[in-house]
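Chains as they are written, first to last, in full-length UniProt numbering: chain F, 1 to 329; chain L, 1 to 329. Ideal Cβ positions, reconstructed from N, Cα and C, are used throughout, including at glycine. The structure presented is a predicted model; accordingly, all values stated were derived computationally and were not measured. Working notes, structure below.
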DNA sequence: TAAGCGGTTGCAAATATTTGCGTGATCCGG
DNA sequence: CCGGATCACGCAAATATTTGCAACCGCTTA
């Protein structure tokens with residue numbers, strides 16, 4: 001009775017083949033016909049058999065803001081691997097300079113009928129307008145997980161690194177080394193993890209005057225840190241390793257040394273940070289565990305399990321290397 | 001019934017041919033007629049057939065072997081950006097641990113009806129079996145470009161960094177610094193760029209006994225370099241920056257210093273190599289130019305232009321930093 | 001294991017668009 | 001007013017796209 005696809009076909013007055021082609025986004029269907037079929041699909045509330053969808057696509061979108069910061073490729077590697085083990089394939093979507101917006105990617109992924117989407121370090125920078133595509137995902141009930149990218153108001157499961165702990169242990173480390181004038185180099189003002197670190201910093205007695213916001217790049221870190229160095233900080237906590245590297249450069253440019261004159265702490269513990277000069281003391285995000293958790297949450301959703309839209313917080317840990325030292329007497 | 005173009009033609013009172021010419025901006029239509037057709041087109045709300053109009057998905061697959069080596073994310077960024085400027089979207093496909101093979105990705109991409117595929121540092125490791133999927137691409141006539149990944153026998157356009165020049169300038173640099181016992185740390189034996197470097201090394205009088213093959217990772221470099229160090233080399237040329245970093249570590253583990261006792265040269269000039277300890281002397285691949293060229297070649301193919309299946313060779317350049325020095329007296 | 005149920009796909013017919021070529025109209029310079 | 005050149009345009013052939021038919025595939029059920 002439920003010649004489901006056939007039913008739609010009859011309603012529109014086309015063959016089942018055509019409906020099938022529309023369903024699969026195949027070429028060879030005129031725009032007008034496609035439109036008509038899509039409408040009928042909607043009207044009749046067609047739902048493709050679950051097993052077929054899974055069988056064919058098994059694609060998962062992985063949306064990252066950039067690839068410059070080594071933490072993102074690393075994360076992609078973890079998530080891609082974890083997905084592969086579950087029989088999914090990751091499609092990486094990265095914002096590029098002239099390029100494609102996050103919303104565009106969402107449409108694209110939707111059109112490609114992905115089984116789910118993982119966002120990492122996503123679109124924090126927009127207040128209102130940009131949430132449309134998240135809502136779209138929500139409406140369509142597409143399994144979604146957010147990593148380190150709090151989106152208020154929408155209840156997606158989230159996996160994050162605990163920024164409060166991160167800021168606390170960084171600050172505690174510098175304090176223990178005797179540093180009093182501690183500064184902070186953060187990402188953009190509306191970047192949620194940065195905001196959380198700032199709050200913790202303040203709560204822990206940090207001087208809000210010694211906080212600089214910048215964009216997430218080595219050069220940004222350099223510029224922001226230069227301002228802090230001019231104000232006489234002896235320790236700097238950075239919101240990413242790249243920013244920390246920029247900070248090191250700024251300190252040296254000012255004729256001082258790390259950690260001799262200024263101690264620097266990074267965040268992420270991305271690859272190669274033990275090869276830098278000096279080896280960077282940093283707060284490690286457990287990206288391996290986080291990536292796996294994100295994938296588990298996603299797969300659970302895909303398997304129609306009920307997943308609470310909580311934020312799973314992962315504990316970072318301090319990795320002490322050579323960029324921090326006791327404050328100069 | 002919907003003789004769409006014919007309808008417009010009738011309304012204006014011209015032939016379909018004329019309407020077609022207007023549509024495609026072809027010459028041979030008077031201004032008045034063109035105007036009239038354009039108006040009718042507007043009035044009747046004519047839409048060109050899908051594939052002709054704005055093209056469908058405009059997806060391009062970008063297949064990379066890994067993301068650990070920072071050169072690959074960097075390359076992805078360049079290619080993704082260049083593609084975006086041309087109105088394409090890159091779908092990144094990366095081999096992951098448990099994961100998906102290159103052949104699987106090809107099938108996937110084919111199924112997603114991508115407009116083309118760019119391979120970088122692809123599947124060199126297999127001699128025979130693994131070429132099936134390349135042939136598949138060839139048969140289907142899917143636009144394809146290979147970067148640093150010579151595949152013999154199949155004529156795809158290729159963009160590569162000139163490994164001969166790379167090896168020559170690295171060797172010349174060390175020789176100029178007085179090094180006699182120069183070793184080499186290369187990738188797997190069947191990795192074409194490594195093989196080319198090896199040949200050049202030999203041709204330039206390098207000692208084949210001082211060449212080690214390993215996998216492309218810091219640890220691999222460490223292990224391979226340890227063997228060379230034991231044999232008393234004073235200079236090491238590496239096939240990637242990661243290998244070079246591993247080599248530095250091996251030298252230090254042996255109780256010696258870089259560049260004091262052993263000089264090390266990397267290859268790629270990936271990000272952050274000026275932040276390492278010591279800052280790495282390396283042979284820079286012009287990935288920006290290469291990425292752009294690859295995209296240009298791809299887009300030309302997509303636009304049905306005839307693209308010669310040549311290998312475009314890009315000249316690398318030596319970036320001298322602090323990991324090489326005059327040989328110890 | 002066969003039969004049935006969706007759904008997908010190869011193929012060829014139907015339909016639509018583009019293009020080469022020829023015709024007639026128009027425009028000029030003698 | 002007469003060629004000759006040029007141009008716009010239609011005809012029809014060439015080419016490309018859309019669509020339905022029917023065979024087929026993978027899965028479930030009898």
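Can you round the beta-carbon distance between residue i and residue j to whole angstroms, since I take them to be within the 8 angstroms contact cut?
{"i": "residue 263 of chain F", "j": "residue 324 of chain F", "result": "4 angstroms"}
{"i": "residue 295 of chain F", "j": "residue 82 of chain F", "result": "4 angstroms"}
{"i": "residue 243 of chain L", "j": "residue 201 of chain L", "result": "Not confirmed; about 15 angstroms, so no contact."}
{"i": "residue 300 of chain F", "j": "residue 94 of chain L", "result": "The pair is not a contact, with the Cβ atoms about 24 angstroms apart (cut-off 8 angstroms)."}
{"i": "residue 258 of chain F", "j": "residue 183 of chain F", "result": "Not confirmed; about 13 angstroms, so no contact."}
{"i": "residue 120 of chain L", "j": "residue 148 of chain L", "result": "6 angstroms"}
{"i": "residue 61 of chain L", "j": "residue 145 of chain L", "result": "The Cβ separation is near 11 angstroms, so there is no contact."}
{"i": "residue 316 of chain L", "j": "residue 165 of chain L", "result": "6 angstroms"}
{"i": "residue 241 of chain F", "j": "residue 266 of chain F", "result": "4 angstroms"}
{"i": "residue 210 of chain F", "j": "residue 231 of chain F", "result": "7 angstroms"}
{"i": "residue 261 of chain F", "j": "residue 282 of chain F", "result": "Incorrect: roughly 19 angstroms between the Cβ atoms, too far for contact."}
{"i": "residue 219 of chain L", "j": "residue 246 of chain L", "result": "6 angstroms"}
{"i": "residue 114 of chain F", "j": "residue 38 of chain F", "result": "With a Cβ gap of about 18 angstroms, residue 114 of chain F and residue 38 of chain F do not count as contacting."}
{"i": "residue 150 of chain L", "j": "residue 192 of chain L", "result": "4 angstroms"}
{"i": "residue 68 of chain L", "j": "residue 271 of chain F", "result": "7 angstroms"}
{"i": "residue 16 of chain L", "j": "residue 5 of chain L", "result": "5 angstroms"}
Which residue marks the beginning of the alpha helix (DSSP H) containing residue i, and which one marks its end?
{"i": "residue 133 of chain F", "result": "132-140"}
{"i": "residue 397 of chain L", "result": "Residue 397 of chain L falls outside the range modelled here, since chain L spans only 1 to 329, and no answer is possible."}
{"i": "residue 8 of chain L", "result": "4-12"}
{"i": "residue 39 of chain F", "result": "31-43"}
{"i": "residue 245 of chain F", "result": "241-253"}
{"i": "residue 19 of chain L", "result": "16-23"}
{"i": "residue 75 of chain L", "result": "71-85"}
{"i": "residue 298 of chain L", "result": "287-302"}
For a contact meaning CB atoms closer than 9 angstroms, what does residue i contact in chain F?
{"i": "residue 77 of chain L", "result": "66, 67, 68, 94, 96 and 97"}
{"i": "residue 245 of chain L", "result": "272 and 275"}
Since residue i meets chain F, which of its residues come closer than 8 angstroms, beta carbon to beta carbon?
{"i": "residue 73 of chain L", "result": "67, 68, 70, 72 and 73"}
May I ask you to check if the CB of residue i is nearer than 8 angstroms to at least one heavy atom of the ligand SAH?
{"i": "residue 257 of chain L", "result": "In the structure on display, the ligand SAH does not appear, and there are no ligands present to speak of."}
Taking the beta strand (DSSP E) that residue i belongs to, which residues open and close that run?
{"i": "residue 162 of chain L", "result": "Per DSSP, residue 162 of chain L belongs to no beta strand (DSSP E) and is neither H nor E."}
{"i": "residue 183 of chain L", "result": "182-186"}
{"i": "residue 315 of chain F", "result": "Run containing residue 315 of chain F: none; DSSP gives neither H nor E here."}
{"i": "residue 61 of chain L", "result": "59-64"}
{"i": "residue 266 of chain F", "result": "263-268"}
{"i": "residue 119 of chain L", "result": "116-120"}
{"i": "residue 92 of chain L", "result": "89-94"}
{"i": "residue 177 of chain F", "result": "Taken as a continuous stretch (DSSP letters only), residue 177 of chain F belongs to no beta strand (DSSP E), as it is neither H nor E."}
{"i": "residue 145 of chain L", "result": "144-147"}
message: Closer than 8 angstroms between beta carbons: that is the criterion. Which residues of the segment 257-280 of chain F meet it against chain L?
response: Taking 8 angstroms as the Cβ-Cβ cut-off, the segment 257-280 of chain F approaches chain L at 271, 272, 275, 276, 277, 278 and 279, given in chain order.
query: Could you give the uninterrupted runs of the alpha helix (DSSP H) lying entirely in the segment 198-236 of chain F, keeping only those of 4 residues or more?
result: Within the segment 198-236 of chain F, the complete alpha helix (DSSP H) runs of at least 4 residues are 218-230.
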